[in-house]
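A.B. asks:
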Amino acid sequence: MTTLLTTPTHDAGPVTSPTLISLNYEWDELVPRSAPLVAGWARRFPALSAADDLGDLLALIPSAPDAILGALLRLGAEGESVAWRTVLQAMLGKAVLLSAGSDERFAEAVSELWVAIAEYPVARRPRSIAANLAWGLRRRLAAGAGVAGPPPVAGNESTTELNAVSTLAQARSLGLLDDRDHHTLWLVYVAGLSSARAGAELGISPELVRYRCSRSLRRLAARADLLAA
């Protein structure tokens, strides 16, 4: 099936989720008849002009993620629901990883991701879009499970608008993260690497990457008052 994943699913083991299978089937049904739709989008957003259909568009996202995702988010806000569906397809890998092999958890992640996409403030957050969506999804799922997630920063932004880059920088400057943990969180939540790819970069196992992220996020959640000061 033609699924581009922001984070590869193979890190989470074999994918047998009925929800994911259904989403991929739906996507494969959309692609063959999408050329006129994508052509119309491209006339309004030049960043999409190199794509002939949705499959091409999905494959182009890594080459210019903010330009393409930003255009799709704007189109979705104007009523083009397939544009939002394309963003969802691009982010499914992150949802798979966060679901830990549970189809129920994955279905919840997809639902939360759809809300995060629909609410994303692209005019004010035009950069690091994929990282911010992943960060917001991690917070939503952690909150739903009663697990501490990254604390919000000061201001009037909702959790889906959280800027991972600035929050990590603030936590580092306050001494809440050391260089090692800051780098680990940056690779996963800003660079968008899977635990396996981040582990290869750091010279550690994927399991240790996940442990560091979980431990660091709990530490930051415990000091949310300091980050918000």
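If you're matching positions, the sequence shown starts at 741 in the numbering used here and goes up one per residue.
All residues carry an ideal CB built from backbone N, CA and C; glycine is no exception.
1. Assuming the contact rule is C-beta atoms closer than 8 angstroms, Leu877 and Leu838 should be a hit. Round their C-beta distance to whole Å, please.
2. Buried or exposed: where does Ala849 fall if 16 or more other Cβ atoms within 10 Å of its Cβ makes it buried?
3. One question on the structure: do Ala807 and Ala787 come within less than 8 angstroms of each other, judged by their Cβ atoms?
4. Spatial neighbours of Val771 within its chain, please: C-beta separation below 7 angstroms, excluding the five flanking residues on both sides.
5. Tell me, to the nearest whole angstrom, how far the beta carbon of Val862 is from that of Gly810; I am working on the premise that it is less than 8 angstroms.
6. For a quick check, are the C-beta atoms of Ala938 and Val930 less than 8 angstroms apart?
7. When you compare only the Cα positions, how much space is there between Arg814 and Thr907?
8. Determine, using beta carbons only, whether Ser913 comes closer than 8 angstroms to chain D.
9. Out of Leu881, Arg864, Leu917, which one is the CA nearest neighbour of Lys834?
10. Return the CA-CA distance between Leu760 and Ala871, expressed in angstroms with no decimal places.
11. At the level of alpha carbons, what is the spacing between Ser851 and Val778?
12. With Leu917 and Ser956 assumed to form a contact (beta carbons below 8 angstroms), what rounded beta-carbon distance in angstroms separates them?
13. Report the option in Gly943, Arg920, Gln910 whose CA atom is closest to the CA atom of Arg963.
14. Which one of Leu853, Ala858, Trp926 has the shortest CA to CA distance from Arg879?
15. How would you write the range of the alpha helix (DSSP H) that Asp806 sits in, first residue to last?
C.D. replies: If we stick to the structure as given:
1. 7 angstroms
2. buried
3. yes
4. Thr742, Asp793, Leu794, Gly795
5. Separation of the CB atoms of Val862 and Gly810 is rounded to 5 angstroms, and the pair is thereby assigned contact status at 8 angstroms.
6. no
7. Roughly 25 angstroms between the two C-alpha positions.
8. You won't find chain D in this structure, because it holds only one protein chain.
9. Leu881
10. 21 angstroms
11. 25 angstroms
12. 6 angstroms
13. Gln910
14. Leu853
15. 805-817
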